[in-house]
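J.: Dropping a structure here in structure tokens format, bear with me for questions.
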Amino acid sequence: LFNVAVILRDGNHLQRRLALRVQRILPFKGHLYDIRNARYLGYGDTFKNLLVPGIANFISVQKAKVNALELNAPSSLKAGAKAEFSFTAKGAVGPQQFNIKLFDPAGKDQRPYRKNVRTENGSGKWSFQIPYNAVKGKWQLRVTHFNTGLKKIQTIEVK
């Protein structure tokens, strides 16, 4: 039944698992994206992939091809200032979902600033206040477009 062997990294260990190469047929055509790998698969109603036990595949079907993810945010802010930014999935049609994360200069995920945003047209805005006691340095704002897996990162210098 399984026709391919794959090697997976699980922490510091390698695992060998058997996989099945399959062709999926959808009931409609669209622009296909492998969300987990942020890869455009093409336009159509069929695609091929590997089924590996314990590994989920996430495929998104979009009405139009998403060309890029744009992120507009200030390049620097003072501690305590309000940060406002906008993001757009260029070419997206219909409702879209985005994930927003903020990382401090040490690369630590600032969990209170995580946000999932649903938009009706592929564009959205969000704002938050930089803490008054924020560590000075280069913070990273990371926006991920759920529907395609595309990511955009912008550095914000906190002074």
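For the sequence shown, the working numbering assigns the number -2 to the initial residue and increments by one for each residue that follows.
For every residue, glycine included, the Cβ atom is placed at its ideal position computed from N, Cα and C.
Being a predicted model, the structure only gives us computed values, none of them experimental.
#1: Pick out the complete beta strand (DSSP E) segments inside the stretch 61 to 135, 3 residues or longer, and give them in chain order.
#2: Can you tell me whether residue 64 is buried or exposed? The criterion is at least 16 other CB atoms within 10 Å of its CB, across all chains shown.
#3: Have a look at the DSSP bridge pairing and note the partners of residue 138.
#4: Give me the Cα-Cα distance between residue 111 and residue 84, rounded to the nearest whole angstrom.
#5: According to DSSP, is residue 44 part of a helix, a strand, or is it coil?
#6: Look at the Cβ atom of residue 82, then the Cβ atom of residue 141, and state whether they are nearer than 9 Å.
#7: Which stretch, first to last residue, makes up the beta strand (DSSP E) that contains residue 159?
#8: Would the stretch 20 to 34 count as touching the stretch 97 to 115 if we require 3 or more Cβ pairs under 8 Å?
T.: In terms of the structure at hand:
#1: 65 to 69, 79 to 87, 93 to 100, 112 to 116 and 120 to 126
#2: exposed
#3: 99 and 151
#4: 15 Å
#5: strand
#6: no
#7: Lying before the first or after the last residue shown, residue 159 is absent from the chain, which here runs from -2 to 156.
#8: no
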